[in-house]
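Numbering (the working numbering), first residue to last: 9 to 377.
Each residue gets a CB set at the ideal place from its N, CA and C atoms; glycine is no exception.
These figures come from a predicted structure and were not determined experimentally.
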(Lines of atoms letter the chains of each structure in order from A and count residues from 1; the text may use other names and numbers.)
(Lines give C-alpha, C1' and ligand atoms only; values in the text may rest on other atoms or scores of the structure.)
Protein backbone atom coordinates (compact mmCIF):
# COMPACT_ATOMS: atom_id res chain seq x y z
CA UNK A 1 0.00 0.00 0.00
CA UNK A 2 1.22 3.48 -0.92
CA UNK A 3 -0.02 7.03 -0.41
CA UNK A 4 -1.64 8.20 -3.64
CA UNK A 5 -3.03 11.65 -2.89
CA UNK A 6 -4.42 14.16 -0.43
CA UNK A 7 -7.54 16.30 -0.26
CA UNK A 8 -8.24 19.19 2.08
CA UNK A 9 -11.61 20.39 3.35
CA UNK A 10 -11.79 23.88 4.83
CA UNK A 11 -15.04 24.04 6.78
CA UNK A 12 -16.90 27.00 8.30
CA UNK A 13 -17.00 25.67 11.82
CA UNK A 14 -18.33 27.14 15.05
CA UNK A 15 -15.89 30.07 15.39
CA UNK A 16 -15.54 30.96 11.72
CA UNK A 17 -13.64 33.01 10.59
CA UNK A 18 -11.27 32.65 13.58
CA UNK A 19 -11.09 28.85 13.72
CA UNK A 20 -12.04 27.05 10.51
CA UNK A 21 -12.08 23.28 10.59
CA UNK A 22 -9.21 22.08 8.39
CA UNK A 23 -9.82 18.42 7.61
CA UNK A 24 -7.51 16.29 5.49
CA UNK A 25 -8.21 13.07 3.59
CA UNK A 26 -5.14 10.97 2.79
CA UNK A 27 -5.74 8.49 -0.04
CA UNK A 28 -3.94 5.25 -0.85
CA UNK A 29 -3.56 3.16 -3.99
CA UNK A 30 -5.59 0.35 -2.41
CA UNK A 31 -8.72 2.44 -1.91
CA UNK A 32 -8.36 3.01 1.82
CA UNK A 33 -8.48 6.66 2.90
CA UNK A 34 -7.74 8.18 6.28
CA UNK A 35 -9.01 11.46 7.71
CA UNK A 36 -7.28 13.86 10.08
CA UNK A 37 -7.48 17.45 11.26
CA UNK A 38 -5.09 20.28 12.07
CA UNK A 39 -5.88 23.19 14.38
CA UNK A 40 -5.10 26.57 12.81
CA UNK A 41 -5.76 30.02 14.13
CA UNK A 42 -6.42 31.19 10.61
CA UNK A 43 -7.07 29.08 7.53
CA UNK A 44 -4.20 30.60 5.57
CA UNK A 45 -0.95 28.67 5.76
CA UNK A 46 -2.25 25.32 6.97
CA UNK A 47 -4.13 24.57 3.77
CA UNK A 48 -1.14 25.47 1.61
CA UNK A 49 1.19 23.49 3.84
CA UNK A 50 -1.01 20.40 3.70
CA UNK A 51 -1.28 20.51 -0.08
CA UNK A 52 2.50 20.87 -0.44
CA UNK A 53 3.19 18.02 1.98
CA UNK A 54 0.57 15.89 0.24
CA UNK A 55 2.60 15.96 -2.97
CA UNK A 56 5.74 15.09 -1.00
CA UNK A 57 4.09 12.04 0.58
CA UNK A 58 2.93 10.38 -2.63
CA UNK A 59 4.51 6.94 -2.90
CA UNK A 60 5.24 6.64 0.83
CA UNK A 61 4.19 3.60 2.89
CA UNK A 62 1.37 4.91 5.15
CA UNK A 63 2.26 2.34 7.82
CA UNK A 64 5.60 4.06 8.48
CA UNK A 65 4.00 6.62 10.78
CA UNK A 66 7.00 7.28 13.03
CA UNK A 67 9.39 7.72 10.10
CA UNK A 68 7.02 10.06 8.25
CA UNK A 69 6.46 12.08 11.44
CA UNK A 70 10.18 12.48 12.05
CA UNK A 71 10.90 13.48 8.45
CA UNK A 72 8.21 16.18 8.57
CA UNK A 73 9.22 17.45 12.01
CA UNK A 74 12.91 17.65 11.13
CA UNK A 75 12.03 19.50 7.94
CA UNK A 76 10.38 22.24 10.02
CA UNK A 77 6.80 21.45 9.00
CA UNK A 78 4.34 23.20 11.38
CA UNK A 79 2.89 20.91 14.07
CA UNK A 80 -0.78 21.44 13.02
CA UNK A 81 0.15 20.16 9.54
CA UNK A 82 1.97 17.16 11.00
CA UNK A 83 -0.98 16.50 13.30
CA UNK A 84 -3.49 16.33 10.46
CA UNK A 85 -1.28 13.99 8.43
CA UNK A 86 -0.44 11.77 11.41
CA UNK A 87 -4.07 11.33 12.46
CA UNK A 88 -4.97 10.37 8.88
CA UNK A 89 -2.12 7.81 8.80
CA UNK A 90 -3.41 6.15 11.98
CA UNK A 91 -6.90 6.09 10.48
CA UNK A 92 -5.52 4.27 7.43
CA UNK A 93 -3.60 1.79 9.57
CA UNK A 94 -6.61 1.02 11.73
CA UNK A 95 -8.87 0.52 8.73
CA UNK A 96 -6.31 -1.69 6.99
CA UNK A 97 -6.01 -3.90 10.09
CA UNK A 98 -9.69 -3.74 11.01
CA UNK A 99 -8.96 -2.29 14.47
CA UNK A 100 -9.67 0.98 16.30
CA UNK A 101 -6.54 3.04 16.86
CA UNK A 102 -6.60 2.70 20.64
CA UNK A 103 -6.17 -1.08 20.32
CA UNK A 104 -3.05 -0.54 18.22
CA UNK A 105 -1.61 1.74 20.93
CA UNK A 106 -1.92 -0.61 23.87
CA UNK A 107 -5.61 -1.25 24.26
CA UNK A 108 -8.40 0.29 26.29
CA UNK A 109 -7.75 1.70 29.78
CA UNK A 110 -11.24 3.11 30.42
CA UNK A 111 -14.81 1.84 30.05
CA UNK A 112 -15.98 5.25 28.85
CA UNK A 113 -14.56 8.76 28.68
CA UNK A 114 -15.90 11.56 30.83
CA UNK A 115 -16.19 14.93 29.06
CA UNK A 116 -16.71 18.47 30.29
CA UNK A 117 -18.97 20.99 28.60
CA UNK A 118 -17.07 23.96 27.23
CA UNK A 119 -19.18 26.69 25.68
CA UNK A 120 -22.27 25.83 27.73
CA UNK A 121 -22.67 29.61 28.12
CA UNK A 122 -22.87 30.42 24.40
CA UNK A 123 -25.66 32.88 23.71
CA UNK A 124 -25.68 34.24 27.28
CA UNK A 125 -24.52 37.62 28.50
CA UNK A 126 -21.90 37.60 31.27
CA UNK A 127 -24.45 37.98 34.03
CA UNK A 128 -25.23 35.54 36.81
CA UNK A 129 -28.83 34.71 35.91
CA UNK A 130 -28.07 33.89 32.27
CA UNK A 131 -24.87 31.91 32.96
CA UNK A 132 -26.55 29.99 35.76
CA UNK A 133 -29.49 29.06 33.55
CA UNK A 134 -27.16 27.83 30.81
CA UNK A 135 -25.10 25.84 33.32
CA UNK A 136 -28.14 24.11 34.78
CA UNK A 137 -29.34 23.28 31.28
CA UNK A 138 -26.01 21.56 30.57
CA UNK A 139 -26.35 19.54 33.77
CA UNK A 140 -29.84 18.47 32.71
CA UNK A 141 -28.27 17.08 29.52
CA UNK A 142 -26.06 14.86 31.64
CA UNK A 143 -22.80 16.78 31.94
CA UNK A 144 -21.11 16.47 35.32
CA UNK A 145 -18.33 18.97 34.57
CA UNK A 146 -18.37 22.44 33.02
CA UNK A 147 -15.78 25.04 32.05
CA UNK A 148 -16.46 28.76 31.90
CA UNK A 149 -14.46 31.66 30.46
CA UNK A 150 -13.69 34.45 32.91
CA UNK A 151 -12.09 36.93 30.50
CA UNK A 152 -15.49 37.67 28.95
CA UNK A 153 -16.07 40.04 31.87
CA UNK A 154 -13.15 42.29 30.95
CA UNK A 155 -13.22 44.90 28.17
CA UNK A 156 -10.48 44.13 25.63
CA UNK A 157 -8.72 47.46 26.15
CA UNK A 158 -7.88 46.39 29.70
CA UNK A 159 -5.89 43.34 28.60
CA UNK A 160 -2.71 45.22 27.74
CA UNK A 161 -1.35 45.52 31.29
CA UNK A 162 -2.42 41.94 32.22
CA UNK A 163 -3.83 43.38 35.45
CA UNK A 164 -7.46 44.32 36.04
CA UNK A 165 -9.44 46.80 38.08
CA UNK A 166 -11.04 45.77 41.35
CA UNK A 167 -14.54 45.95 39.88
CA UNK A 168 -13.54 43.52 37.12
CA UNK A 169 -11.99 41.14 39.65
CA UNK A 170 -15.09 41.35 41.83
CA UNK A 171 -17.33 40.66 38.87
CA UNK A 172 -15.39 37.52 37.94
CA UNK A 173 -15.38 36.24 41.51
CA UNK A 174 -19.10 36.92 41.90
CA UNK A 175 -19.91 35.06 38.68
CA UNK A 176 -17.85 31.98 39.55
CA UNK A 177 -19.32 31.86 43.06
CA UNK A 178 -22.84 32.12 41.65
CA UNK A 179 -22.25 29.17 39.35
CA UNK A 180 -20.69 27.08 42.09
CA UNK A 181 -23.66 27.78 44.37
CA UNK A 182 -26.14 26.91 41.63
CA UNK A 183 -24.34 23.72 40.59
CA UNK A 184 -23.66 22.39 44.06
CA UNK A 185 -20.75 20.12 44.95
CA UNK A 186 -21.58 17.21 42.64
CA UNK A 187 -20.73 19.07 39.41
CA UNK A 188 -17.13 19.96 38.64
CA UNK A 189 -16.42 23.51 37.51
CA UNK A 190 -13.25 24.79 35.82
CA UNK A 191 -12.39 28.32 34.70
CA UNK A 192 -10.38 29.40 31.65
CA UNK A 193 -8.36 32.65 31.84
CA UNK A 194 -6.95 32.37 28.29
CA UNK A 195 -3.54 33.54 29.50
CA UNK A 196 -4.58 37.17 29.95
CA UNK A 197 -3.29 37.83 33.48
CA UNK A 198 0.09 38.61 34.99
CA UNK A 199 1.34 36.50 37.91
CA UNK A 200 0.08 38.71 40.75
CA UNK A 201 -3.39 39.08 39.23
CA UNK A 202 -3.64 35.36 38.55
CA UNK A 203 -2.63 34.53 42.11
CA UNK A 204 -5.10 37.03 43.55
CA UNK A 205 -7.93 35.55 41.49
CA UNK A 206 -6.94 32.01 42.41
CA UNK A 207 -6.76 32.84 46.12
CA UNK A 208 -10.20 34.43 46.06
CA UNK A 209 -11.67 31.32 44.43
CA UNK A 210 -9.70 28.77 46.43
CA UNK A 211 -12.57 27.67 48.66
CA UNK A 212 -14.83 26.79 45.71
CA UNK A 213 -13.21 23.44 44.91
CA UNK A 214 -12.61 24.24 41.24
CA UNK A 215 -11.56 21.40 38.95
CA UNK A 216 -8.80 23.66 37.64
CA UNK A 217 -7.74 27.16 36.64
CA UNK A 218 -6.70 27.10 33.00
CA UNK A 219 -3.92 29.27 31.56
CA UNK A 220 -3.90 31.83 34.39
CA UNK A 221 -0.83 33.41 32.75
CA UNK A 222 0.48 33.03 29.18
CA UNK A 223 1.83 29.52 28.61
CA UNK A 224 5.16 30.61 27.11
CA UNK A 225 6.88 31.30 30.45
CA UNK A 226 7.06 28.12 32.51
CA UNK A 227 8.67 29.85 35.50
CA UNK A 228 5.73 32.25 35.71
CA UNK A 229 3.22 29.40 35.41
CA UNK A 230 5.08 27.49 38.13
CA UNK A 231 4.95 30.52 40.42
CA UNK A 232 1.16 30.64 40.09
CA UNK A 233 0.83 26.89 40.51
CA UNK A 234 2.96 26.89 43.67
CA UNK A 235 0.87 29.69 45.20
CA UNK A 236 -2.49 27.97 44.77
CA UNK A 237 -4.11 24.83 46.09
CA UNK A 238 -6.45 24.77 43.07
CA UNK A 239 -4.92 22.71 40.21
CA UNK A 240 -3.44 24.69 37.31
CA UNK A 241 -4.06 23.37 33.78
CA UNK A 242 -2.18 24.45 30.65
CA UNK A 243 -0.76 23.24 27.34
CA UNK A 244 -3.24 23.89 24.54
CA UNK A 245 -0.74 26.19 22.78
CA UNK A 246 2.23 23.85 23.17
CA UNK A 247 3.27 21.34 20.54
CA UNK A 248 5.27 18.09 20.67
CA UNK A 249 6.96 16.45 23.64
CA UNK A 250 9.87 18.85 23.24
CA UNK A 251 7.76 21.89 24.17
CA UNK A 252 6.11 20.06 27.07
CA UNK A 253 9.40 18.83 28.53
CA UNK A 254 10.38 22.00 30.37
CA UNK A 255 6.82 22.62 31.59
CA UNK A 256 6.81 19.20 33.22
CA UNK A 257 10.37 19.40 34.53
CA UNK A 258 9.52 22.66 36.29
CA UNK A 259 6.34 21.05 37.63
CA UNK A 260 4.54 24.16 36.47
CA UNK A 261 1.13 22.53 36.05
CA UNK A 262 -0.99 19.87 37.73
CA UNK A 263 -2.90 19.01 34.55
CA UNK A 264 -1.79 19.24 30.90
CA UNK A 265 -4.09 19.71 27.93
CA UNK A 266 -2.32 19.06 24.61
CA UNK A 267 -4.54 19.26 21.54
CA UNK A 268 -4.23 16.25 19.24
CA UNK A 269 -4.81 18.52 16.21
CA UNK A 270 -1.95 20.82 17.18
CA UNK A 271 0.49 18.93 19.40
CA UNK A 272 1.66 16.50 16.71
CA UNK A 273 -1.08 13.93 16.31
CA UNK A 274 -2.26 10.82 18.13
CA UNK A 275 1.01 9.05 18.99
CA UNK A 276 2.79 12.30 19.85
CA UNK A 277 -0.02 13.23 22.22
CA UNK A 278 0.24 9.81 23.86
CA UNK A 279 3.99 10.35 24.29
CA UNK A 280 3.33 13.72 25.93
CA UNK A 281 0.83 12.10 28.29
CA UNK A 282 3.32 9.34 29.11
CA UNK A 283 5.99 11.87 30.09
CA UNK A 284 3.39 13.69 32.21
CA UNK A 285 2.56 10.45 33.99
CA UNK A 286 6.15 10.22 35.27
CA UNK A 287 5.48 13.50 37.12
CA UNK A 288 2.03 12.32 38.30
CA UNK A 289 0.40 14.98 36.12
CA UNK A 290 -3.08 14.32 34.74
CA UNK A 291 -3.99 14.41 31.03
CA UNK A 292 -7.10 16.36 29.95
CA UNK A 293 -6.93 16.94 26.18
CA UNK A 294 -7.92 20.26 24.67
CA UNK A 295 -10.52 19.79 21.94
CA UNK A 296 -12.16 22.70 20.14
CA UNK A 297 -12.53 21.98 16.44
CA UNK A 298 -14.43 19.37 14.41
CA UNK A 299 -15.69 15.88 15.26
CA UNK A 300 -12.66 14.48 13.43
CA UNK A 301 -10.37 15.86 16.15
CA UNK A 302 -12.85 14.73 18.80
CA UNK A 303 -12.65 11.13 17.57
CA UNK A 304 -8.86 11.30 17.33
CA UNK A 305 -8.80 12.62 20.91
CA UNK A 306 -11.08 9.76 21.95
CA UNK A 307 -8.64 7.22 20.52
CA UNK A 308 -5.62 8.52 22.43
CA UNK A 309 -7.61 9.12 25.62
CA UNK A 310 -8.99 5.58 25.63
CA UNK A 311 -5.49 4.03 25.79
CA UNK A 312 -3.88 6.54 28.18
CA UNK A 313 -3.78 5.61 31.89
CA UNK A 314 -3.54 9.16 33.28
CA UNK A 315 -6.51 10.45 31.27
CA UNK A 316 -8.72 12.68 33.41
CA UNK A 317 -11.41 14.27 31.22
CA UNK A 318 -11.89 15.47 27.62
CA UNK A 319 -13.15 18.84 26.41
CA UNK A 320 -16.45 18.76 24.53
CA UNK A 321 -18.05 21.71 22.77
CA UNK A 322 -21.63 22.67 23.59
CA UNK A 323 -23.42 25.21 21.45
CA UNK A 324 -21.73 23.80 18.36
CA UNK A 325 -22.98 24.12 14.78
CA UNK A 326 -26.29 22.34 14.33
CA UNK A 327 -24.89 20.18 11.52
CA UNK A 328 -21.84 18.87 13.41
CA UNK A 329 -22.99 15.25 13.50
CA UNK A 330 -24.49 15.44 10.01
CA UNK A 331 -21.04 15.55 8.36
CA UNK A 332 -19.85 12.26 9.90
CA UNK A 333 -21.00 8.66 10.06
CA UNK A 334 -21.77 7.59 12.72
CA UNK A 335 -22.50 10.62 14.94
CA UNK A 336 -20.29 11.34 17.95
CA UNK A 337 -20.97 8.67 20.61
CA UNK A 338 -21.96 11.11 23.36
CA UNK A 339 -24.26 9.80 26.08
CA UNK A 340 -25.09 11.74 29.25
CA UNK A 341 -21.75 13.47 29.68
CA UNK A 342 -19.58 10.56 28.51
CA UNK A 343 -18.19 9.38 25.18
CA UNK A 344 -18.71 5.70 24.55
CA UNK A 345 -15.61 3.95 23.21
CA UNK A 346 -16.42 2.57 19.75
CA UNK A 347 -15.11 -0.60 18.11
CA UNK A 348 -15.10 0.68 14.53
CA UNK A 349 -11.68 0.62 12.84
CA UNK A 350 -9.39 3.63 12.53
CA UNK A 351 -10.57 6.71 14.36
CA UNK A 352 -14.12 5.41 14.10
CA UNK A 353 -15.90 7.69 11.64
CA UNK A 354 -16.23 8.48 7.93
CA UNK A 355 -16.96 11.85 6.33
CA UNK A 356 -20.37 12.37 4.72
CA UNK A 357 -19.02 14.41 1.85
CA UNK A 358 -22.34 15.47 0.33
CA UNK A 359 -23.24 17.16 3.62
CA UNK A 360 -19.72 18.47 4.15
CA UNK A 361 -19.80 20.26 0.80
CA UNK A 362 -22.59 22.51 2.09
CA UNK A 363 -20.31 24.05 4.70
CA UNK A 364 -16.99 24.55 2.91
CA UNK A 365 -15.06 27.81 2.68
CA UNK A 366 -14.15 26.84 -0.85
CA UNK A 367 -14.56 23.92 -3.19
CA UNK A 368 -12.55 20.85 -2.33
CA UNK A 369 -9.35 20.63 -4.41
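Do residue j and residue i have their beta-carbon atoms positioned less than 8 Å apart in this structure?
i           : j           : result
residue 188 : residue 220 : yes
residue 103 : residue 42  : yes
residue 204 : residue 159 : yes
residue 264 : residue 295 : yes
residue 260 : residue 288 : yes
residue 70  : residue 36  : yes
residue 275 : residue 65  : no
residue 25  : residue 54  : no
residue 216 : residue 240 : no
residue 363 : residue 340 : yes
residue 359 : residue 290 : no
residue 238 : residue 271 : no
Under the three-state reduction of DSSP, which class applies to residue i: helix, strand or coil?
i           : result
residue 375 : Confidence at residue 375 is low in this model, with a pLDDT of 47, below 50, so its placement is unreliable and the value that follows should be read with caution. Residue state, collapsed to three classes: coil.
residue 196 : strand
residue 162 : coil
residue 154 : strand
residue 121 : strand
residue 242 : helix
residue 9   : coil
residue 366 : helix
residue 15  : strand
residue 355 : coil
residue 214 : helix
residue 138 : helix
residue 68  : coil
residue 219 : helix
residue 79  : helix
Give the range of the beta strand (DSSP E) segment to which residue i is assigned.
i           : result
residue 328 : 326-329
residue 112 : From DSSP, residue 112 is part of no beta strand (DSSP E) but of the alpha helix (DSSP H) over 109-112.
residue 181 : From DSSP, residue 181 is part of no beta strand (DSSP E) but of the alpha helix (DSSP H) over 174-191.
residue 57  : Unbroken run through residue 57 is the alpha helix (DSSP H), 54-65; no beta strand (DSSP E).
residue 31  : 29-36
Where residue i and residue j are concerned, what is the direct C-alpha to C-alpha distance, given to the nearest angstrom?
i           : j           : result
residue 258 : residue 100 : 26 Å
residue 76  : residue 112 : 18 Å
residue 136 : residue 129 : 11 Å
residue 106 : residue 171 : 53 Å
residue 333 : residue 132 : 16 Å
residue 369 : residue 242 : 49 Å
residue 20  : residue 31  : 11 Å
residue 350 : residue 60  : 38 Å
residue 268 : residue 9   : 44 Å
Can you check DSSP and say which residues form a bridge with residue i?
i           : result
residue 302 : 275
residue 149 : Looking at the DSSP assignment, residue 149 forms no beta bridge with any residue, so it has no partner.
residue 323 : 299
residue 226 : 200, 249
residue 346 : 351
residue 74  : Residue 74 is not bridged to any residue.
Between which two residues does the alpha helix (DSSP H) carrying residue i extend?
i           : result
residue 258 : 256-265
residue 90  : 87-105
residue 291 : 282-294
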